[in-house]
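Quick note: the sequence shown uses this note's numbering, first residue -4, plus one each step. Scroll down for the structure; my scribbles are underneath it.
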Amino acid sequence: MINLDTRMQNVAIVGAAGKMGSGIALLMALEMAYRALEDREHTYVLNLIDMNDTALQGLLRYVRDQAQKDGEKQMNRLRALYKDRADLVENADMIQEFVAEVMLHLRTGKTLTLAKDALLVFEAAFEKEEIKFQIYNELAVVCPQAAWFLTNTSSIPLHVLADTCGIKGRMIGFHFYNPPAVQKLLEVITPEGCDPALVESAYELAKVLRKKTVPANDIAGFIGNGHFMRDGLHCIRDMEHLAEDYGFVQAVYMVEKVSRDYLLRPMGIFQLIDYVGIDVFQLILRVMDKYLKEGLHSDLVDNFIEMGVKGGQTSSGGQKDGFLKYEKGKPVAIFDPAKRDYVPMDEAFVKDMDSRLGAHPDPSLTWKSLSRDPEKEARMRAYFQTLKTMDTLGAGMARNHFEASRDAALDLVKQGVAARAQDVNDVLTLGFFHLYGPINDFLD
Ligand SMILES: NC(=O)c1ccc[n+]([C@@H]2O[C@H](COP(=O)([O-])OP(=O)(O)OC[C@H]3O[C@@H](n4cnc5c(N)ncnc54)[C@H](O)[C@@H]3O)[C@@H](O)[C@H]2O)c1
């Protein structure tokens, strides 16, 4: 049996220069450098594969810069590792040496043949079934028979990929959250027939990378997107309904405000969809609907994509415009499909909309203030009890959204996507930074 350390001696990442791939690359590059420094007997190689050459160069720069920062934070560890190196005196010398060590293990290339000796293959290519099938069909031939595959797919059932591509038993879902180097959560999706040794090693690796794992079953969308897609669709439908009385832009504002400020979330639902990318939201919906056949679809999302309004991130991490327009990362206007233009959220507009929503249950409570509050559980409980009794448009919308979110979460447990309510709550609190899990008794 090949142990995890041996597997870590030759690793490949496919789609390495993308948002997720680059974070995984950084995590693995650092881990390999430390292993190599502790164990001079073995060679560690990290094969970074991406079809985009320019992005691969950007990836190398990113890993180098982040390795420098990591080295600065890990001076004690570096001092211990370089204790026999009389030539390295100053901190700066050791950091420079460490950065060189990290870069030493990296190989970049555009073709999957670079993975020919890899025993551990991460994949974070585009979320398109045909692309993933193509990649795994080729990897099945190129990679050693003993290779294991860790996919970052957000929605595609793993057994479909693994069975179709001839790697049954050798694939597991290793679903990082964005950005992988920072986010603590890792959803581990184990398809039926997965080699138990792979399952064990996947959890061992997650521990090495200091991730908090949540197990999910191999059902399209898994836990994170299983909740997010249904939550997003609920809000889009609620908004469309509201738009009949108030107008499109007004309805987007109201649902955005309620989903953020009334539900005490870090961002409103439209900002979150923009952050993920409206195009990615559409792709995930399509895959989930193909396998689950429960009407997970939105004409509005399709229309936005047709109009070229996609959201998502710029290569430097800035927010692109989508449902909302952003200035310095803050929403300032709302897209009006009838005008094909953004309508500013000026003071008069905000005042008018807020008065229609009615008073906020407790304006002193925000996601930010509560995040640092040791009494947050009790405060939220009292807050939702107030919200429960309020007879305003905003409070009613908030209760509806709260219940839709809870129902979506409960369905995930009922359908066996999650084994326990706590797993869904962990994904929402750790992966989406909610202050509370959707399965709770706050409104009871
Ligand atoms: N972005 C997120 O928030 C997020 C979160 C969790 C999981 N995911 C999943 O991670 C995966 C990657 O998402 P992303 O957001 O990083 O995408 P991305 O578009 O930023 O990156 C994808 C990368 O894959 C490369 N690529 C595509 N096809 C390839 C091929 N055939 N060979 C080599 N390289 C190829 C692209 O050049 C690109 O650099 C998807 O499966 C997605 O669902 C994304």
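The beta-carbon is built from N, C-alpha and C at its ideal position, and this holds for glycine as well. As the structure is a prediction and not an experimental result, all values here were calculated from the model.
Would you say Y337 and F330 are within 7 Å of each other, going by their C-beta atoms?
-> yes
Curious, which full-length alpha helix (DSSP H) runs of at least 4 residues does the stretch 330 to 401 contain?
-> 342 to 352, 362 to 366, 371 to 384
Does DSSP put G221 in a helix, in a strand, or in coil?
-> helix
Span of the beta strand (DSSP E) holding S104?
-> It is Gly, not Ser, that sits at residue 104 in the sequence shown. Counting along the chain, the beta strand (DSSP E) containing G104 begins and ends at 101 to 104.
Compute the distance between the beta-carbons of D256 and G317, then report whether it is under 7 Å.
-> no
How about D45: is its Cβ closer than 6 Å to a heavy atom in ligand 1?
-> yes
Same chain, Cβ closer than 7 Å to A404, five either side skipped, listed in chain order = H222, V419, P433, I434
Where DSSP assigns a beta bridge to F121, which residues make up the other side?
-> According to DSSP, which records beta bridges pairwise, F121 is partnered with nothing at all.
Of the listed residues I300, V136, A354, nearest to F276 (C-alpha basis) = I300
Cα-Cα, which of V9, T381, Q266, V271 is closest to T108?
-> V9
Start-to-end residues for the beta strand (DSSP E) that takes in Y321 | 319 to 322
Just to confirm, does E92 get its C-beta within under 6 Å of one of the non-hydrogen atoms of ligand 1?
-> no
Would you identify the three-state DSSP class for M(-4), choosing helix, strand or coil?
-> coil
Apply the 10 Å Cβ neighbour rule to G312 and answer buried if 16 or more other Cβ atoms are within range, or exposed otherwise.
-> exposed
Per DSSP, T146 is paired with what?
-> E118, G168
Would you mind giving the Cβ-Cβ distance between M23 and L41, rounded to the nearest angstrom? I have them listed as a contact below 8 Å.
-> 6 Å
Helix, strand or coil: how does DSSP classify A28 here?
-> helix
Sheet register partners of K207 (DSSP bridge) = L180
Taking K179 as the reference, give the member of W143, G18, E398 with the closest Cα.
-> G18
Start and end residues, alpha helix (DSSP H) containing L43 = Premise fails: L43 lies in the beta strand (DSSP E), 40 to 44, not in any alpha helix (DSSP H).
Go ahead and label K288 buried or exposed: buried means 16 or more other beta carbons lie within 10 angstroms of its beta carbon, across all protein chains shown.
-> exposed
Taking the alpha carbon of Q129 as the point to measure from, which residue in M385, G219, K163, L156 has its own alpha carbon closest?
-> L156
Three-state secondary structure (DSSP) of R111 | A small correction: the amino acid at residue 111 is Lys; Arg does not occupy that position in the sequence shown. Three-state result, K111: coil.
Who does P175 pair with in a DSSP beta bridge?
-> Bridge partners of P175: none, in fact.
Is the beta carbon of I162 sitting closer than 7 Å to the one on A135?
-> yes
Beta strand (DSSP E) containing N435: first to last residue?
-> Taken as a continuous stretch (DSSP letters only), N435 belongs to no beta strand (DSSP E), as it is neither H nor E.
Based on the DSSP output, what are the partners of I8 in its beta bridges?
-> L43, F117
Could you tell me which residues DSSP pairs with P326 in its beta bridges?
-> Y321
With a CB to CB cut of under 6 Å and the five nearest residues on each side skipped, what residues in its chain are close to F117?
-> I8, I19, L145
Mind checking whether E483 and L352 have CB atoms under 7 Å apart?
-> This structure gives no information on residue 483, because the portion of the chain shown stretches from -4 to 439.
Q277 lies in the alpha helix (DSSP H); which residues open and close that run?
-> 273 to 287
Hey, how far is the Cα of L267 from the Cα of R225?
-> 13 Å
Buried versus exposed call for G13 [16 or more other C-beta atoms within 10 Å across all chains shown] = buried
Is the beta carbon of L51 sitting closer than 7 Å to the one on D60?
-> no
Starting from R59 and walking both ways along the alpha helix (DSSP H), at which residues does that stretch end?
-> 48 to 68
Return yes when the C-beta of S310 is under 6 Å from any heavy atom of ligand 1, and no when it is not.
-> no
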